[in-house]
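Heads up: the structure comes next, in structure tokens.
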Amino acid sequence: MLLDRTSRTVTLTTAGTVLLAEGRAAVDAVDAAERRTRRAARSSTGRPDLVLVTKASASRELLAKLLDAYAAEPGAVPVDVILCGPAEQERLLRGRADVALLHRPFDSAAGFHTEELSTEGQVVVLPAGHPLTARPHVYLADITGLPGLPLPRWPDSDGSYPPGPGPRVRDHAQLLQLVALGRACAVSPESCRDQLPADLAAVPVLDAPPVTTVIAWPPQSRSRAVADLVRTATRL
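So the sequence shown is residues -3 to 232, counted in our numbering.
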């Protein structure tokens, strides 16, 4: 009897997980269809929009320059910017978005056309005054397992978190607050320096892999607006 109840519980849990995944997929499909309808309506008036997705807080300066430069181009259309969380760009680029800013090696560009825009090193973000902030640079071995300041855990594309001692984080603002509270450290692209408050400090990590920002779009795209935006991005 106990075995039968356990089996039924596992079956119900599995079915619930499947239904939840299918429900999310259905919502995404409806959302994408609604957006395509709105864009078709705008297109009929001669003003179609362009949807660009990027992680919130990532490539901030590059994004601002890109939007300004594209807006100055003849025939530029309105750009709808979606700021998303980690690991969400790929799903959005397959549905709602026309183009995305991705960051290798963190983001996968598999199945998309891409153009490289910039490459930068990485830094470790620490509470201001931490002993490591007095160094001109550090190595990954210096910060892996740092007492009291574990590296954070970001969600995978399915929403689950990898195992580990670090705190679970969902966005950049949450991460910076945890670092400021002395609960974590973080390895981020060097451009994050411009966004750090006074209670945080950044130190270059010499052996961290470089981060390459790319602009990506679906291979089936035939949009002139996408082509113009990509062309503008590669000129910056």
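Beta carbons are placed, not taken as given, at the ideal position from N, Cα and C, and that holds for glycine.
Bear in mind the structure is a predicted one, so any value in this text is a computation, not a measurement.
Cβ atoms of A182 and V121 come within 8 Å of each other, at about 5 Å. Relative to the Cα of G144, the nearest Cα in the group R179, R218, T209, P74 belongs to R179.
Restricting attention to Q118, T50, A93, Y66, the CA atom closest to the CA of V199 is found in Q118. Counting only residues of its own chain and dropping the five nearest sequence neighbours on each side, L225 has a CB closer than 7 Å to the CB of L46, Y66, V95. Shown here, H126 sits in coil according to DSSP, grouped into three states, outside any helix or strand.
One alpha carbon belongs to T208, the other to C80, and they sit about 18 Å apart. Residue nearest to F102 within the set D152, L177, Y157, V222 is D152 (criterion: CA-CA distance). Looking from the CA of I211, the closest CA among R100, V175, P82, A72 belongs to R100.
Boundaries of the alpha helix (DSSP H) harbouring A169: 168 to 176, taken from the DSSP string.
Here A93 has V47, L48, V49, I78, Q85 as same chain residues with Cβ atoms under 8 Å from its own Cβ, once five neighbours each way along the sequence are excluded. In this structure E111 is in contact with T230, their Cβ atoms being roughly 5 Å apart against a cut-off of 8 Å. A direct Cα-to-Cα measurement between H133 and R189 gives close to 14 Å.
Exposure of A60 is indicated by the presence of fewer than 16 other C-beta atoms within 10 angstroms of its C-beta. V73 is not a Cβ neighbour of L63, given a cutoff of 8 Å.
DSSP places V226 outside any beta strand (DSSP E); the residue lies instead in the alpha helix (DSSP H), whose first and last residues are 220 to 231. A52 places its beta carbon 8 Å or farther from that of L136. Using a 10 angstroms sphere on the CB of S184, the tally of other CB atoms reaches 16 or more, which defines it as buried.
The DSSP-derived three-state label of R87 is helix.
CA-to-CA, the gap between P82 and L177 works out to about 22 Å.
Judged by DSSP in its simplified three-state form, E69 adopts coil rather than helix or strand.
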